[in-house]
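Student:
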């Protein structure tokens with residue numbers, strides 16, 4: 634049947650395009666999640682920084698510093 638190969642080609646092209654669009658949306662969503670995680674981690678580190686500083690200052694032998702490194 635003439636043209637049936639063309640229909641299959643278009644179907645394949647449409648499936649590939651749908652896959653690419655879906656993948657791009659997933660990547661965009663992941664990027665947003667990573668950005669949110671970065672903000673949460675920065676907030677956590679800023680919250681813990683004074684405690685770590687005090688902990689290190691109260692450790693004249695440097696044992697805690699060696700563990701952290």
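Numbering (my numbering), first residue to last: 634 to 702.
For each residue, glycine too, the CB sits at the ideal point set by N, CA and C.
Taking the alpha-carbon positions, what's the residue 692 to residue 650 distance?
Tutor: Whole-angstrom Cα-Cα distance: 60 Å.
Student: Can you tell me whether residue 645 is buried or exposed, with buried defined as 16 or more other CB within 10 angstroms of its CB?
Tutor: Counting Cβ neighbours within 10 Å, residue 645 comes out exposed, since fewer than 16 surround it.
Student: Please state whether DSSP places residue 656 in a helix, a strand or coil.
Tutor: Reduced to three states, the DSSP call for residue 656 is helix.
Student: Classify residue 644 as helix, strand or coil using the three-state DSSP reduction.
Tutor: Helix at residue 644.
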